[in-house]
Amino acid sequence: MENKPKLAAKNQEQQLVQRLLQLPLFAHMGGKQLQVLLKLSRTLALEPEESLWLEGDAPRGFYMLLNGHLAVWERGKEIGQIAPISSLGEVEMLATMRHDDEVNGVGKCLLLEFPRDIVEDLLVKSSDICQRLCRNVVFLLSLRLQKANERVSGIAHDKRELEERIHEAEIELNDLNMIRRMRS
Numbered sequence: 448m449e450n451k452p453k454l455a456a457k458n459q460e461q462q463l464v465q466r467l468l469q470l471p472l473f474a475h476m477g478g479k480q481l482q483v484l485l486k487l488s489r490t491l492a493l494e495p496e497e498s499l500w501l502e503g504d505a506p507r508g509f510y511m512l513l514n515g516h517l518a519v520w521e522r523g524k525e526i527g528q529i530a531p532i533s534s535l536g537e538v539e540m541l542a543t544m545r546h547d548d549e550v551n552g553v554g555k556c557l558l559l560e561f562p563r564d565i566v567e568d569l570l571v572k573s574s575d576i577c578q579r580l581c582r583n584v585v586f587l588l589s590l591r592l593q594k595a596n597e598r599v600s601g602i603a604h605d606k607r608e609l610e611e612r613i614h615e616a617e618i619e620l621n622d623l624n625m626i627r628r629m630r631s
């Protein structure tokens, strides 16, 4: 009878390791490294509309969204949603930056929390984990920069189209004004 809970716990841990491997933050990490990280994490339940953090908060750690959806808000406007399986807060925590957004539950959410003090202690003690996490964060930042560049390119394209339409409207307005003057 005692083996069943141990097997269930081991199976759950293996499932969580597989979920961690789905995230770019944990890419190319070994099973033992991920097990260490899992042992240091704790589950966090978030109620609907409950905030994970507010704009200006110092990071308390980083998170992995297991179930539910989170809404991301900037200056009172929802700018996106986060779906499982996603990591969040890792860049702010590792860079010791305050959050520039607010994140809260859309419905009930279940997250893994990796507390800042424990992670920082682990990074000092384990150069392998530190090196891999730092490389993965650099990769994540490059992906975010690439997405931001794509958005900026799209905005620049939209701006050029608007400028062309404004120019065409100005020409049409000048033509109409010239016709009015000729009729007067």
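Using this note's numbering, read the sequence shown as starting at 448 and increasing by one per residue. Ideal placement from N, C-alpha and C gives every residue a C-beta, glycine not left out.
Fill in: Exposure label - Cys581; buried when at least 16 CB within 10 Å
Per the 10 Å Cβ criterion, exposed.
Worksheet entry | Which of helix, strand or coil DSSP assigns to Lys486 | In this structure, DSSP gives Lys486 a helical state, which the three-state scheme calls helix.
Worksheet item: How would you label Val566, buried or exposed, when you count the other beta carbons within 10 angstroms and need 16 or more for buried?
Response: A buried status is given to Val566, since no fewer than 16 other beta-carbon atoms sit within 10 Å of its beta-carbon.
Worksheet item: Quick one: is Ile526 buried, meaning 16 or more other Cβ sit within 10 Å of its Cβ, or exposed?
Response: Around the Cβ of Ile526, a 10 Å sphere holds fewer than 16 other Cβ atoms; the residue is exposed.
Worksheet entry | Beta-bridge partners of Cys556, as assigned by DSSP | Answer is Leu493, bridged to Cys556.
Item to complete: Rounded to whole angstroms, what's the CA-CA distance from Asn458 to Leu481? Just pull it up for me.
Response: Straight-line Cα distance between these residues: approximately 14 Å.
Worksheet entry | CA nearest to the CA of Val584, picked from Leu463, Leu470 and Gln461 | The shortest C-alpha to C-alpha distance from Val584 to any of Leu463, Leu470 and Gln461 is the one to Leu470.
Item to complete: From the DSSP output, read off the bridge partner residues of Lys524.
Response: DSSP output for Lys524 lists Glu521 as bridge partner(s).
Worksheet item: Where do the N-terminal and C-terminal ends of the alpha helix (DSSP H) with Gly601 fall, by residue?
Response: In this chain, the alpha helix (DSSP H) harbouring Gly601 covers Ser574 to Arg630.
Worksheet item: Alpha carbon to alpha carbon, what distance is there between Leu463 and Leu484?
Response: Our two residues, Leu484 and Leu463, have alpha carbons roughly 11 Å apart in a direct line.
Worksheet item: Which residues does DSSP pair with Ile529 in a beta bridge?
Response: DSSP output for Ile529 lists Leu517 as bridge partner(s).
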